[in-house]
Amino acid sequence: MNIFNVEKNVKQIYYKYFYQNCENRTFKSFVFYPIVLGKFSKNPELIDYLDIFKQLENTYDKKDYIIDDIHKFRFMTKFDDKYFEALNVFLLILEEFEKKEFFFNGYDKDKINLNLNFLIDYYQQKKYDLKSEEEFSKYNLIEINKYRKLHWQEARIIDEKYEITFDIKFITKKVYLKIFDLFKMNHFKLSFYPDCLNIKNYIDNSIMIFDEKEYGKKYNIDEIKKINLKENVKFVDYKIENKLYIKLVENELTFEEIQKDIKVFDDLNIIYTKVVHIIFLIEDETLYIEHIDLEYIFYTLDEYIERFDNDNFEQKGSRYKRQKIFKIDNAKINLVENLYDLVYNSLDNKNLVDEYFEMIN
111 MNIFNVEKNV
121 KQIYYKYFYQ
131 NCENRTFKSF
141 VFYPIVLGKF
151 SKNPELIDYL
161 DIFKQLENTY
171 DKKDYIIDDI
181 HKFRFMTKFD
191 DKYFEALNVF
201 LLILEEFEKK
211 EFFFNGYDKD
221 KINLNLNFLI
231 DYYQQKKYDL
241 KSEEEFSKYN
251 LIEINKYRKL
261 HWQEARIIDE
271 KYEITFDIKF
281 ITKKVYLKIF
291 DLFKMNHFKL
301 SFYPDCLNIK
311 NYIDNSIMIF
321 DEKEYGKKYN
331 IDEIKKINLK
341 ENVKFVDYKI
351 ENKLYIKLVE
361 NELTFEEIQK
371 DIKVFDDLNI
381 IYTKVVHIIF
391 LIEDETLYIE
401 HIDLEYIFYT
411 LDEYIERFDN
421 DNFEQKGSRY
431 KRQKIFKIDN
441 AKINLVENLY
451 DLVYNSLDNK
461 NLVDEYFEMI
471 N
């Protein structure tokens, strides 16, 4: 197994064998894998252990056992003795961190946006205080203004006044191009979350190979005011058990997707979900998007379990402050023509998004 694939495999294995199958789903299943990853880095020969584990994946009914007892696991799987020492090492690490629960909830709250300091420093070198901007100080977002331009194809911001170029983070190309096209045709306030690890101290407006833009299916959606969604609605992909929650309250529409396979933010081992939030208005019997944003919600493991397993619509993520990825304000974007593209290309659960739009069409 390639050492570069280790982290991915460790995440998958410990999510499957601890989080999904342990009767007592505690924080240990989530903080364990980065520790194990470090162990693998120092002892590459243990990589073979992952291969063996994956071979056993479909051999037994995973609901019939819990990997809290290494000896029981060894007996049930007839695990090769040469791997037993490695298993004991993992167990000792796990036991140690069970005693230090603060490890999971003890991150510096600013760590999630630590890299923003790089961009702040770049602007300070140009004698400009980025923190003086409202969007940045409130949401860690960079607002597009008369000096900041969007690259015509790449998700990139070009600050012509201060000669700084940086990418936009956590946004798909299709969403970016959709917003880019809307921004050319409409006047609205637009902000993005910056990628602060790819900053260039010059104007980079390089020409790239142009790809045809394909946003997704087109729907002739009836006016949303006619949709009878008095309560919360849930869609489930029963093959992979992903979920999509839709909430309509007056003129606000919210989509939140919950993945069965846990997702972590920016390699910081923080559970997150994606949420698209829309505020719309009706003018002359036409529906317009006034505000839309994509944000990541950060959960503790217990909060995530409550949200996912118990379908608790009221459960909020409190692990960190929410992080918006893009935000459009003061807009007047035709809802019927653009809502599907923006939601479909912002979220990962494409089939569930289609289900919702087919229902309301």
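One rule links them: number in this note's numbering = place in the sequence shown (from 1) + 110. Ideal placement from N, C-alpha and C gives every residue a C-beta, glycine not left out.
Compute the Euclidean distance between the alpha carbons of residue i and residue j, then round it to the nearest angstrom.
| i | j | result |
| --- | --- | --- |
| lysine 209 | isoleucine 368 | At lysine 209, the pLDDT of 36 sits below 50, so the modelled position is not reliable; the number obtained from the coordinates is stated separately. Going by the C-alpha atoms only, they are around 30 Å apart. |
| lysine 442 | asparagine 255 | 18 Å |
| valine 463 | lysine 284 | 16 Å |
| phenylalanine 280 | isoleucine 313 | 22 Å |
| threonine 282 | isoleucine 435 | 11 Å |
| aspartate 458 | glutamate 366 | 10 Å |
| isoleucine 230 | lysine 241 | 7 Å |
| leucine 452 | aspartate 403 | 10 Å |
| asparagine 250 | asparagine 227 | 11 Å |
| lysine 353 | isoleucine 415 | 13 Å |
| histidine 261 | threonine 275 | 10 Å |
| arginine 429 | lysine 294 | 37 Å |
| tyrosine 450 | asparagine 461 | 12 Å |
| isoleucine 407 | glutamate 413 | 11 Å |
| glutamate 245 | proline 304 | 12 Å |
| phenylalanine 467 | valine 359 | 17 Å |
| glutamate 447 | leucine 300 | 19 Å |
| lysine 248 | lysine 310 | 24 Å |
| glutamate 465 | tyrosine 454 | 11 Å |
| tyrosine 398 | isoleucine 289 | 15 Å |
| aspartate 419 | isoleucine 381 | 15 Å |
| leucine 445 | glutamine 425 | 29 Å |
| methionine 469 | lysine 384 | 22 Å |
| glycine 427 | arginine 417 | 9 Å |
List the DSSP bridge partners of residue i.
| i | result |
| --- | --- |
| glutamate 253 | Ser301 |
| asparagine 444 | Tyr398 |
| arginine 417 | DSSP output for arginine 417 lists no bridge partner at all. |
| threonine 383 | Ile407 |
| lysine 434 | Glu405 |
| arginine 108 | Here the chain has residues from 111 to 471 only, and residue 108 is not among them. |
| lysine 236 | DSSP, once it has assigned bridges, lists no residue as partnering lysine 236. |
| isoleucine 392 | Leu397 |
| lysine 248 | Per DSSP, none; premise fails for lysine 248. |
| aspartate 309 | It is isoleucine, not aspartate, that sits at residue 309 in the sequence shown. Bridge partners of isoleucine 309: Phe276. |
| aspartate 439 | Lys299 |
Note down, in chain order, each residue of its chain lying with its Cβ closer than 7 Å to the Cβ of residue i, except the 5 sequence neighbours on either side.
| i | result |
| --- | --- |
| asparagine 361 | Ile389, Phe390 and Leu391 |
| asparagine 296 | Ala441, Lys442 and Ile443 |
| alanine 265 | Asp277, Ile278, Ile281, Lys283 and Tyr286 |
| glutamate 270 | Tyr257, Lys259 and Ile313 |
| tyrosine 272 | Tyr233, Lys236 and Tyr238 |
| glutamate 243 | Glu253 |
Which residues bound the alpha helix (DSSP H) around residue i?
| i | result |
| --- | --- |
| aspartate 277 | Careful: aspartate 277 lies outside any alpha helix (DSSP H), inside the beta strand (DSSP E) at 274-278. |
| aspartate 291 | 283-295 |
| lysine 460 | 460-470 |
Starting from residue i, follow the beta strand (DSSP E) in both directions and report where the run begins and ends.
| i | result |
| --- | --- |
| aspartate 269 | 266-269 |
| leucine 260 | 258-260 |
Beta-carbon within less than 6 Å of residue i's beta-carbon, same chain only, minus the 5 sequence neighbours each way: which residues are those?
| i | result |
| --- | --- |
| phenylalanine 298 | Ile438, Asn440 and Ala441 |
| histidine 387 | Thr364 and Asp403 |
| arginine 432 | Glu405 and Ile407 |
| serine 456 | Val285, Val386 and Leu404 |
| histidine 401 | Ile389 and Asp439 |
| threonine 396 | none |
Excluding the 5 residues preceding and the 5 following residue i in the sequence, name in chain order all residues of the same chain whose CB lies nearer than 8 Å to its CB.
| i | result |
| --- | --- |
| leucine 307 | Asn225 and Phe228 |
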